[in-house]
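Trainee: Residue numbers (the working numbering), protein chains in the order written: chain A, 11 to 172; chain B, 11 to 172; chain C, 11 to 172; chain D, 11 to 172. The following block contains the structure, expressed as structure tokens.
Protein chains: 4
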Amino acid sequence: MSVYIGVAGASEPDASLIPMAETLGRCLAEAGAIVVCGGGLGVMTAVCRGAQAAGGRTVGLLPGGDRASGNPYLSVALPTGLGEGRNVLLVRASDALVAVGGGFGTLSEIALGLRMGLPVIGLATWGLTLSGEPVEAFPIAQSPEQASRLALDAAKRSINRP
Amino acid sequence: MSVYIGVAGASEPDASLIPMAETLGRCLAEAGAIVVCGGGLGVMTAVCRGAQAAGGRTVGLLPGGDRASGNPYLSVALPTGLGEGRNVLLVRASDALVAVGGGFGTLSEIALGLRMGLPVIGLATWGLTLSGEPVEAFPIAQSPEQASRLALDAAKRSINRP
Amino acid sequence: MSVYIGVAGASEPDASLIPMAETLGRCLAEAGAIVVCGGGLGVMTAVCRGAQAAGGRTVGLLPGGDRASGNPYLSVALPTGLGEGRNVLLVRASDALVAVGGGFGTLSEIALGLRMGLPVIGLATWGLTLSGEPVEAFPIAQSPEQASRLALDAAKRSINRP
Amino acid sequence: MSVYIGVAGASEPDASLIPMAETLGRCLAEAGAIVVCGGGLGVMTAVCRGAQAAGGRTVGLLPGGDRASGNPYLSVALPTGLGEGRNVLLVRASDALVAVGGGFGTLSEIALGLRMGLPVIGLATWGLTLSGEPVEAFPIAQSPEQASRLALDAAKRSINRP
Chain A
11 MSVYIGVAGA
21 SEPDASLIPM
31 AETLGRCLAE
41 AGAIVVCGGG
51 LGVMTAVCRG
61 AQAAGGRTVG
71 LLPGGDRASG
81 NPYLSVALPT
91 GLGEGRNVLL
101 VRASDALVAV
111 GGGFGTLSEI
121 ALGLRMGLPV
131 IGLATWGLTL
141 SGEPVEAFPI
151 AQSPEQASRL
161 ALDAAKRSIN
171 RP
Chain B
11 MSVYIGVAGA
21 SEPDASLIPM
31 AETLGRCLAE
41 AGAIVVCGGG
51 LGVMTAVCRG
61 AQAAGGRTVG
71 LLPGGDRASG
81 NPYLSVALPT
91 GLGEGRNVLL
101 VRASDALVAV
111 GGGFGTLSEI
121 ALGLRMGLPV
131 IGLATWGLTL
141 SGEPVEAFPI
151 AQSPEQASRL
161 ALDAAKRSIN
171 RP
Chain C
11 MSVYIGVAGA
21 SEPDASLIPM
31 AETLGRCLAE
41 AGAIVVCGGG
51 LGVMTAVCRG
61 AQAAGGRTVG
71 LLPGGDRASG
81 NPYLSVALPT
91 GLGEGRNVLL
101 VRASDALVAV
111 GGGFGTLSEI
121 ALGLRMGLPV
131 IGLATWGLTL
141 SGEPVEAFPI
151 AQSPEQASRL
161 ALDAAKRSIN
171 RP
Chain D
11 MSVYIGVAGA
21 SEPDASLIPM
31 AETLGRCLAE
41 AGAIVVCGGG
51 LGVMTAVCRG
61 AQAAGGRTVG
71 LLPGGDRASG
81 NPYLSVALPT
91 GLGEGRNVLL
101 VRASDALVAV
111 GGGFGTLSEI
121 ALGLRMGLPV
131 IGLATWGLTL
141 SGEPVEAFPI
151 AQSPEQASRL
161 ALDAAKRSIN
171 RP
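Next comes the structure, spelled out in structure tokens:
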């Protein structure tokens, strides 16, 4: 059974995140993982482009009802018509999640993942505080290569859990 | 862009439906369509087995939260955690729907498809009446081969609609 | 704990259904039930108007994201942004369902209700056939008064089920 | 038309949050708002108890399929069967959101609210950072009274937006 790694990230990210997302997609595909994402632009396009360039498979869970709104690097493009509700589906469909960059949609996927017990890995993304003190709720990777490794390891542990 | 054909059908169908569903899957795959279904047993297993035997791709939108509950003939298995709510997703993700046999889940997918304007093709499935009079709400195929043809034609017309 | 009765019905029904839906709403409210519906026009407006005229409470699960799209007879109007996906919510939120008239949305709610084991009562609504033979999947009421009685009885049995 | 204020908060919060949530519920009810929440324990019970004590109405969007799982202070209790997916519904059904305390479910509702353009008010809840710098994405109230006022003001501005 394949490993499914969710990748959360904004449609209009900082330019510096694009090559990181593309490398992340390549690493995940080289390890045989299926990349699941929101199927849109920005980080989502970059991670899918990277994954497909390495021969990998990509799944896009689109917010709207029109398949044509998906990016061109999706092996499977699924309109959901759920708007931001598809963020819940992304978390449910993944064995681990990598959150890339800022954006509130990405933050919602981090939070839903943590709430549902999904392993979450951060890459240049949100930090959290409570009462002014930092809360380290999930590991932060220093590179897309490390993010891929951490996510794959966590996903395999998660799947093998009795 | 690939054509996505949804197939609705029960997990415990009449035995006679199994070879029909398998042939349907084969025909759809031979035409290059991606088969989308609920990912479970019965009709869902048979249509996926048929599609994969012909080299096709299959997507399962699972009702529960566990990927392992999907049948073994899924190219992509997506737990949704939505229960019967995933029936809505099946309809949204498809360019046309073939309904195979009875079962109330199948009836819900027929009805949601008709409500959302999706082309629906019946194969040994429910008929409808209002005030005791038959209502022909969707075409009935006489064979899985014909169901595949009708669904593919309707899907292509639907996709090309401006 | 109150009893919640779902009422399914079209936004543009036959004119003859309007007084039936209004009477149904009145009967349900007189028995102390909360009426749950899609919150729109037609049957939904009529059943809510009848319920509120008798001092009852009404809940509308709106398909869109705008509360103002609800009809004026809702005690509680909840935008869901789920489109036809809110039909699943209507079924989940009800202890029994009365289906009034035709319409494919109504048929989807009948089917989802039957699939999930919810008691369903029909009133001038769809009939079903399989292989050309009628299937009596749910009781048909001859009047809104009888529909209300059957739904309330079934809901109470359903709630008290261990 | 009534104002609907969503309240997000954990089922097992710090004890200090309970009286704050109860006061928040009372203030919202005194202003005529309908309180919408997840319908569970902890913060959710406290805010509903406060609101009902002041004669207000409360709506619970329950994660499971069983109405009996709701707390005893709900005017309307709606099972959704969506699990954490009901967090999306809470945001869609609210004109403004008050987030009380920590918890990842609460964080997901903050994030979904910000993503969908809903006014969000914090009360002893999460802070956010990006690249180590604090991000003030939403106003923080210093008391439940202030949280109520800020939420009501923001909700009215939001509703009156053309």
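No residue lacks a Cβ here, since even glycine has one placed at the ideal position from N, Cα and C.
From the beta carbon of Gln156 (chain B), is the nearest beta carbon of chain C less than 9 Å away?
Mentor: no
Trainee: Check whether the Cβ atoms of Leu117 (chain A) and Ala121 (chain D) lie closer than 9 Å to each other.
Mentor: yes
Trainee: Can you look up Ala134 (chain A) in the DSSP assignment and give me helix, strand or coil?
Mentor: coil
Trainee: Could you check whether Ser79 (chain C) and Gly49 (chain C) sit closer than 9 Å to each other, using their CB atoms as the reference points?
Mentor: Yes. Within cutoff.
Trainee: Assign Glu94 (chain D) to buried or exposed, taking buried as 16 or more other Cβ atoms, counted over all protein chains shown, within 10 Å of its Cβ.
Mentor: buried
Trainee: Between the C-alpha atoms of Leu27 (chain D) and Gly111 (chain D), what's the straight-line distance to the nearest angstrom?
Mentor: Each residue's alpha carbon lies about 7 Å from the other.
Trainee: Excluding the 5 residues flanking Ala20 (chain A) on each side, which residues of the same chain have their C-beta closer than 7 Å to its C-beta?
Mentor: Around Ala20 (chain A): Gly52, Val53, Gly111, Gly112, Gly113, Gly115 and Thr116.
Trainee: Would you list the one or two residues that DSSP bridges to Cys47 (chain A)?
Mentor: A:Gly70
Trainee: Using the Cα positions of Ala147 (chain B) and Leu160 (chain A), report the straight-line distance between them to the nearest angstrom.
Mentor: 52 Å
Trainee: Quick one: residues in its chain with C-beta nearer than 7 Å to the C-beta of Cys37 (chain C), no 5 flanking neighbours on either side, listed in chain order?
Mentor: Pro154, Glu155 and Ser158
Trainee: Check whether chain C comes within 9 Å of Gly115 (chain B), counting only Cβ atoms and requiring the distance to be less than that.
Mentor: yes
Trainee: What is the rounded straight-line gap between the Cα of Pro149 (chain C) and the Cα of Leu88 (chain D)?
Mentor: 25 Å
Trainee: Beta carbons nearer than 8 Å to chain C: which residues of the region 92-103 of chain A have them?
Mentor: Leu92, Gly93 and Gly95
Trainee: If the cut-off is 7 Å on Cβ atoms, which residues from the region 108-133 of chain C count as contacting chain B, listed in chain order?
Mentor: Gly112, Phe114, Gly115, Leu117, Ser118, Ala121, Leu122, Leu124, Arg125 and Met126
Trainee: Only counting runs of 3 or more residues, tell me where the beta strand (DSSP E) segments fall wholly within the region 89-154 of chain C, in order along the chain.
Mentor: Qualifying beta strand (DSSP E) stretches, in chain order: 106-110, 130-133, 136-140 and 143-145.
Trainee: With Gly19 (chain B) as the anchor, note down where its beta strand (DSSP E) starts and where it stops.
Mentor: Tyr14 to Gly19
Trainee: Return the CA-CA distance between Leu72 (chain D) and Val57 (chain D), expressed in angstroms with no decimal places.
Mentor: 15 Å
Trainee: Counting contacts by CB-CB distance shorter than 9 Å, is Pro172 (chain A) in contact with chain B?
Mentor: The predicted position of Pro172 (chain A) is uncertain, since its pLDDT is 48 and thus under 50; no value can be drawn from it.
Trainee: So which residues of chain B does Gly75 (chain A) contact, with C-beta pairs closer than 7 Å?
Mentor: Arg102
Trainee: Would you tell me roughly how many angstroms separate the C-alpha atoms of Leu92 (chain C) and Gly74 (chain C), rounded to the nearest one?
Mentor: Each residue's Cα considered, the two are about 7 Å apart.
Trainee: Spell out whether any CB of chain A is found under 9 Å from the CB atom of Arg59 (chain B).
Mentor: At a cut-off of 9 Å between beta-carbon atoms, Arg59 (chain B) makes no contact with chain A.
Trainee: Kindly examine the ligand FMN and report whether one of its heavy atoms sits closer than 8 Å to the Cβ of Leu124 (chain A).
Mentor: The ligand FMN is absent from the structure shown, which contains no ligand whatsoever.
Trainee: Let me see if you follow: with CB-CB separation under 9 Å, is Thr55 (chain C) close to chain B or not?
Mentor: no
Trainee: Would Glu32 (chain B) and Gly66 (chain B) be called neighbours here (beta carbons separated by less than 9 Å)?
Mentor: no
Trainee: For chain A, find out if any of its Cβ atoms is closer than 9 Å to the Cβ of Ser85 (chain B); answer yes or no.
Mentor: yes
Trainee: Inspect the beta-carbon positions of Ser104 (chain C) and Gly16 (chain C) and report whether they are closer than 9 Å.
Mentor: Yes. Within cutoff.
Trainee: Which residues bound the alpha helix (DSSP H) around Ala78 (chain A)?
Mentor: Taken as a continuous stretch (DSSP letters only), Ala78 (chain A) belongs to no alpha helix (DSSP H), as it is neither H nor E.
Trainee: DSSP on Ala87 (chain C), reduced to helix/strand/coil?
Mentor: strand
Trainee: Please name the residue in C:Arg96, C:Ala151, C:Val98 and C:Ala134 whose C-alpha comes closest to that of Pro23 (chain C).
Mentor: When C:Arg96, C:Ala151, C:Val98 and C:Ala134 are compared, the shortest CA-CA separation from Pro23 (chain C) is found for C:Ala134.
Trainee: Could you work out which residue in D:Ala106, D:Leu138 and D:Thr139 is closest to Ser123 (chain D) when comparing CA atoms only?
Mentor: The question names Ser, but residue 123 (chain D) is Gly in the sequence shown. Residue D:Ala106 is the option with its Cα nearest to Gly123 (chain D).
Trainee: Can you round the beta-carbon distance between Leu138 (chain D) and Val145 (chain D) to whole angstroms, since I take them to be within the 8 Å contact cut?
Mentor: Contact flag correct, Cβ pair sits at about 5 Å.
Trainee: Excluding the 5 residues preceding and the 5 following Gln62 (chain A) in the sequence, name in chain order all residues of the same chain whose CB lies nearer than 7 Å to its CB.
Mentor: For Gln62 (chain A), same chain residues with a beta-carbon under 7 Å away, outside a window of 5 residues either side, are Thr68 and Tyr83 in chain order.
Trainee: List the whole-angstrom C-beta distance separating Ala25 (chain C) from Ala64 (chain C), where the pair is believed to meet the contact cut-off of C-beta under 8 Å.
Mentor: The beta-carbon separation of Ala25 (chain C) and Ala64 (chain C), rounded to 22 Å, does not stay under the 8 Å limit for a contact.
Trainee: With a threshold of 9 Å between beta carbons, is Val69 (chain D) in contact with chain C?
Mentor: yes
Trainee: Can you list, in chain order, the residues of its chain whose CB lies under 7 Å from that of Asn97 (chain B), leaving out five sequence neighbours each side?
Mentor: Gly115, Ser118, Glu119 and Leu122
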